[in-house]
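These notes concern the structure reproduced below.
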Amino acid sequence: MKIGVVVFPGSNCDHDCQHVFKDVLGQYVEMIWHKETLLAGLDAIVLPGGFSYGDYLRTGAIARFSPVMGAVKEFAKGGGMVLGICNGFQILLEAGLLPGAMLRNKSLHFICKDLSVKVENAATAFTGSCQSGQVLKIPIAHADGNYYTDPVTLAAMQANAQIVLRYCTPEGKVTPEVNPNGSLDNIAGIINAEGNVLGMMPHPERCAEAVLGNDDGKLIFLSMLESLKGKKKQLKMVGA
Amino acid sequence: MRVRESIHAALRRGVREELRGGTVKAKIHVTLKQGILDPQGKAIEHALDSLGFKNAGNVRVGKYMEVDVDEKDKVKAEAEVKAMCEKLLANTIVEEYRYELTA
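Residue numbers (my numbering), protein chains in the order written: chain L, 249 to 488; chain B, 307 to 409.
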């Protein structure tokens with residue numbers, strides 16, 4: 249598969265994503281500078297973590313107007329698979345590719361640690377290799393991960409199973425105590441209604457190989473590859 | 307004589323400004339909407355309370371921005387400032403904005 253990793257000024261997890269797809273999973277990876285306006289021949293796009301444009305104004309607020317974002321939007325509208333991790337998630341929200349907005353963490357702290365997240369929907373293109381309800385240990389590293397959306401949108405997302413990942417105890421219980429940032433409904437990751445754009449605050453690229461002591465994150469990338477392989481078949485199923 | 311010179315200077319300046327087309331200064335405030343938790347505001351509120359400012363409450367933290375808009379027509383200038391707020395300066399899902407325009 250051919251994976252595009254977008255590089256904004258201030259991205260800092262771009263090479264981690266490249267490493268996982270290229271060296272761990274043996275895929276072809278193209279690094280895409282944010283000034284690019286054409287994305288041809290890509291199977292999936294990753295918006296990596298980091299601090300694009302220094303997080304000035306709001307996280308992702310300026311990156312969303314980068315030249316490349318027009319092409320990313322087109323790609324997503326055409327059904328292309330887009331994964332936004334951390335700052336990438338924040339950019340997807342600002343760009344309107346996912347509903348809602350990020351607020352400062354409730355504690356006001358930048359939090360960097362391993363957390364348990366529950367796969368609430370294992371029937372997506374990004375979680376297909378997980379078991380439903382499976383608990384993944386994936387680190388977060390952010391100051392603005394306090395997800396917010398209006399009650400109507402939240403209810404619609406809950407009804408559509410668009411809340412894909414939620415912060416939980418290691419046993420898989422979703423409780424307010426394990427919510428690290430004040431995120432609505434313990435949300436750690438959401439998907440769009442069409443099922444081709446996922447945003448998540450935890451960093452799967454930081455735990456995708458055994459040598460790092462944890463390869464839970466690899467499941468997200470494997471799911472993407474599996475889904476891409478079976479894309480035609482899957483599209484038919486969605487159509488039916 | 308000196309007075310007359312300065313009048314001439316002022317007139318020249320005036321003409322130049324007329325030709326340049328006058329600038330409007332927008333003073334823009336962006337804050338979190340009421341009802342959305344403002345953790346920074348809360349932290350400041352606690353600090354004020356512990357300093358003995360018992361009357362202080364409902365502290366909201368926001369951003370203040372100044373933008374010079376090179377547009378002589380005030381109505382057009384305001385429309386432009388509003389568009390800036392809607393498109394970039396505020397995220398209207400969680401924030402509200404207000405502005406004042408001065409010459």
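Every residue gets a Cβ at the ideal spot worked out from N, C-alpha and C, and that includes glycine.
- Asn440 (chain L) is not bridged by DSSP to any residue.
- Here the C-alpha atom of Asn335 (chain L) lies approximately 14 angstroms from the C-alpha atom of His282 (chain L).
- Beyond the five residues adjoining it in sequence on each side, Asp291 (chain L) comes within less than 6 angstroms, by CB distance, of Met249, Lys250 and Leu476 in the same chain, given in chain order.
- In the structure shown, Lys283 (chain L) falls within a coil segment according to DSSP collapsed to helix, strand and coil.
- As DSSP reads the structure, Gly447 (chain L) sits in a beta bridge with L:Gly332 and L:Ile438.
- Here the alpha carbon of Leu345 (chain L) sits roughly 32 angstroms from the alpha carbon of Ala349 (chain B).
- For Val400 (chain B), there is no enclosing alpha helix (DSSP H), since its DSSP letter is neither H nor E.
- If you ignore the 5 residues before and after Leu432 (chain L), its C-beta comes within less than 7 angstroms of the C-beta of Tyr395, Tyr396, Thr397 and Leu402, all in its own chain and listed in chain order.
- Using beta-carbon distances, Leu354 (chain B) does not count as an interface residue toward chain L, since no partner is under 8 angstroms.
- Residues of chain L with a Cβ closer than 7 angstroms to the Cβ of Ala349 (chain B) are, in chain order, Leu356.
- In the DSSP assignment, Pro345 (chain B) falls within the unbroken alpha helix (DSSP H) covering Pro345 to Ser356.
- The bridge partners DSSP lists for Leu413 (chain L) are L:Val367 and L:Gly437.
- Rounded to the nearest angstrom, the Cβ distance from Ala349 (chain L) to Ile399 (chain B) is 4 angstroms, consistent with a contact under 8 angstroms.
- In chain order, Ile251, Gln275, Val277 and Phe469 place their CB closer than 7 angstroms to the CB of Phe269 (chain L), counting only its own chain and leaving out the 5 sequence neighbours on each side.
- Straight through space, the alpha carbons of Ala391 (chain L) and Leu357 (chain B) are spaced by roughly 27 angstroms.
- At a cut-off of 8 angstroms between beta-carbon atoms, Tyr396 (chain L) makes contact with chain B.
- Contact between Thr307 (chain L) and Gln266 (chain L) does not hold, since the beta-carbon distance rounds to 22 angstroms and is not under 8 angstroms.
- Distance from Tyr405 (chain B) to Cys391 (chain B) at the Cβ level is roughly 7 angstroms; contact confirmed, criterion being Cβ atoms closer than 8 angstroms.
- By the beta-carbon neighbour count (other beta carbons within 10 angstroms, threshold 16), Gln410 (chain L) is buried.
- Nearest neighbour of Leu343 (chain B) by Cα position, chosen from L:Ser314, L:Val272, L:Leu356 and L:Ser300, turns out to be L:Leu356.
- The Cβ neighbour count for Phe359 (chain B), taken over all protein chains shown within 10 Å, is under 16; the residue is labelled exposed.
- Chain B places a beta carbon closer than 8 angstroms to that of Glu342 (chain L), counting this residue as a contact.
- Scanning the segment 291–368 of chain L for uninterrupted alpha helix (DSSP H) segments of 4 residues or longer gives 315–325 and 335–342, listed from N- to C-terminal end.
- Within the same chain, Cβ atoms closer than 7 angstroms to the Cβ of Gly258 (chain L) are found at Gly298, Phe299, Ser300, Tyr301 and Gly302, the five residues on either side in sequence being excluded.
- His267 (chain L) has no beta-bridge partner at all, per DSSP.
- For the segment 422–433 of chain L, the set of residues with a beta-carbon nearer than 9 angstroms to any beta-carbon of chain B comprises Gly430, in chain order.
- Within chain B, no residue has its beta carbon less than 7 angstroms from that of Gly297 (chain L); the closest one is some 20 angstroms off.
- Pairing Thr417 (chain L) with Met449 (chain L), the inter-Cα distance amounts to about 17 angstroms.
- Straight-line spacing of the CA atoms in Leu273 (chain L) and Lys388 (chain B) works out to 48 angstroms.
- Membership of Ile334 (chain B) in any alpha helix (DSSP H) is not indicated; the residue belongs instead to the beta strand (DSSP E) covering Val330 to Leu338.
- Counting the other CB atoms within 10 Å of its CB gives Asn364 (chain B) a total below 16, which places it among the exposed residues.
- By the CB criterion at 8 angstroms, Val422 (chain L) and Asn434 (chain L) fall inside the cutoff.
- DSSP places Ile468 (chain L) in the helix class (H, G or I) of the three-state scheme.
- Under the Cβ distance rule, Leu351 (chain L) counts among the residues neighbouring chain B, one pair being separated by less than 8 angstroms.
- DSSP, read as helix, strand or coil, puts Asp374 (chain B) in strand.
- In terms of beta-carbon proximity, Gly348 (chain L) lines the interface with chain B, with at least one pair separated by less than 8 angstroms.
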